[in-house]
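Numbered per the working numbering, the sequence shown spans residues 1 to 231. Cβ coordinates follow ideal geometry from the N, Cα and C atoms, glycine included. Report on the structure given below.
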Amino acid sequence: TISAAVNGDLQLGSITANIAEANDADRVGATIADGVSGDTNFPHGKIKPVMTVGEINMCRQNHGDVYVGVPDGMGAYLRNDETVRLVVQSESYGPLRYESYPYYVNDDTASFTGSHVQYADFDRKGLSKFLNHGRPASNIITGFGQVADTYYNLAGKLVGPRTVDGLTTTGAHFSNTDAAGNWSVAELPTEADWLMQSLCSAHLEEAHQWGEGLGFEDDIYITNEEWITCK
1 TISAAVNGDL
11 QLGSITANIA
21 EANDADRVGA
31 TIADGVSGDT
41 NFPHGKIKPV
51 MTVGEINMCR
61 QNHGDVYVGV
71 PDGMGAYLRN
81 DETVRLVVQS
91 ESYGPLRYES
101 YPYYVNDDTA
111 SFTGSHVQYA
121 DFDRKGLSKF
131 LNHGRPASNI
141 ITGFGQVADT
151 YYNLAGKLVG
161 PRTVDGLTTT
171 GAHFSNTDAA
181 GNWSVAELPT
191 EADWLMQSLC
201 SAHLEEAHQW
211 GEGLGFEDDI
221 YITNEEWITC
231 K
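See the structure below:
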């Protein structure tokens, strides 16, 4: 709610209730209530949430950004000796279902709703002790934002603004248009130029993951956009 956001109750990482359950709550007599964990007697160790959809970034950089969508594909790596970076794509369908908060790319010349690829940075030392206490992850989150701010289309051109009436002849996001730049999705987004349709699954590969000189030369996060026109 707005009041919760203003009061800081939706700070990124502040929610401690689990969505995951060890068993059906009704079957084992666990609490059944919104915003409360069910059965947390997990057989192979503790599970705690590090961030929950709808929470708001309170770090100075990208302050106010919201963690959106449905998490579906993630990876983690050491950003430096003190920081673990979690990368996650948020599956969303924009106006085909509901629009997410927009984000801007290519020097703010174009905007997207729908799926995001976001990161959260965690204090490494704090994360190593996170399962040993009941405190929330908000205490160890040091950064949050969009992974990329430069987007290219299938023609290798920078994505640009959508032409409101007519063809987008330069910089079209081709999952939203045909090859000529005609809009081809069932609905137009109202919050942004383009719709990043459902990103499904993902893989994070670290540079030289298989040994010196073996693998990618840089860290890379691979995901794919599923699309449908429905028009």
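In the structure shown, the three-state DSSP call for residue 128 is helix. In the assembly as shown, residue 224 is an exposed residue. Its beta-carbon has fewer than 16 other beta-carbons within 10 Å.
The beta carbon of residue 53 is closer than 8 Å to those of 67, 68, 69, 70, 71 and 90 in its chain, skipping five residues each way along the sequence. Leaving aside the five residues that flank residue 111 on each side, the residues in its chain whose CB is nearer than 6 Å to its CB run, in chain order, 102, 104, 192 and 193. Cβ-Cβ distances below 8 Å link residue 124 to 78, 81, 82, 83 and 84 in the same chain, with the five nearest sequence neighbours on each side left out; the list follows chain order. Between the segment 172-192 and the segment 132-149 there are fewer than three inter-stretch CB-CB distances shorter than 8 Å, so the stretches are not counted as touching. Taking all protein chains in view, the Cβ of residue 199 is crowded by 16 or more other Cβ atoms within 10 Å, so the residue is classified as buried. The secondary-structure analysis by DSSP pairs residue 85 across a beta bridge with 77 and 121. If you look at residue 25, you'll find it in the alpha helix (DSSP H) that goes 25-28.
Residue pairing by DSSP places residue 144 opposite 120 in a beta bridge.
Judged by pairs of C-beta atoms under 8 Å, the segment 12-25 touches the segment 129-140, as three or more such pairs exist.
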